[in-house]
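Novice:
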Amino acid sequence: MDHAHLIEMANQIGAFFESMPDRDEALTGIADHIRRFWEPRMRRALLAALDDPSSEAGRRAAPIVRDAIAAHRASLVPADVHA
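In the numbering used here, the protein residues as written are 6 to 88.
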C-alpha cells in the first residue's frame with residue numbers, strides 16, 4: 006500500500022474538517038471518516054506510516070491528522086490488530 010498516497014488522502018480529509026470552528030469536533034470527524042470509509046488494510050497502513058519515524062510519508066501528515074489519529078486511535082485499529 007502506498008503510504009504517501011494514504012497520507013495525501015488523510016491530509017485532504019483533514020483540510021476539509023480543519024475549517025470547523027470546534028477542533029474536537031473536527032478531530033472526531035476526521036477519525037470517523039477514516040474509520041467508516043477506509044478498509045482495515047488502509048487503516049493499518051496509515052497507522053504504520055505514522056508510527057514509523059523513518060517514514061517520509063508519515064512525516065508529511067498534517068498536524069490535525071496526527072492529532073485526530075492520536076485522539077481516536079483505538080477506534081481506528083482494525084479488530085484483528087492489537088496495536
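All C-beta atoms, glycine included, are put in the ideal place defined by N, C-alpha and C. This one's a predicted model, so the numbers in the text were calculated from it and none came from an experiment.
(1) Which residues in the same chain as ALA20 place their Cβ atom closer than 6 Å to its Cβ, once the five residues preceding and following it in sequence are excluded?
(2) If I measure Cβ to Cβ from ARG46 and keep anything under 7 Å in the same chain, skipping five residues before and after, which residues do I get?
(3) On a CA-only basis, which of ASP29, ARG28, LEU55 is nearest ALA15? Give me that one, please.
(4) Within 10 angstroms of the Cβ of ALA50, are there 16 or more other Cβ atoms? Answer buried if so, exposed if not.
(5) I think ALA73 touches ILE12, with their Cβ atoms under 8 Å apart; what is that distance to the nearest whole Å?
Specialist: Let's see:
(1) One-based indexing of the sequence shown puts residue 20 at position 15. Cβ neighbours of ALA20 beyond the five flanking positions: none.
(2) Counting from one through the sequence shown, the residue named residue 46 turns up at place 41. Contacts found: MET6.
(3) Walking along the sequence shown from the start, residue 15 turns up at place 10. From the listed residues ASP29, ARG28, LEU55, the smallest Cα separation to ALA15 is found for LEU55.
(4) Numbered from its first residue, the sequence shown carries residue 50 at position 45. The residue in question, ALA50, is buried, as its Cβ has 16 or more Cβ neighbours within 10 Å.
(5) Residue numbering aside, residue 73 sits at position 68 when the sequence shown is read from its first letter. Residue numbering aside, residue 12 sits at position 7 when the sequence shown is read from its first letter. Under the criterion of beta carbons closer than 8 Å, ALA73 and ILE12 do not qualify as touching, at roughly 13 Å.
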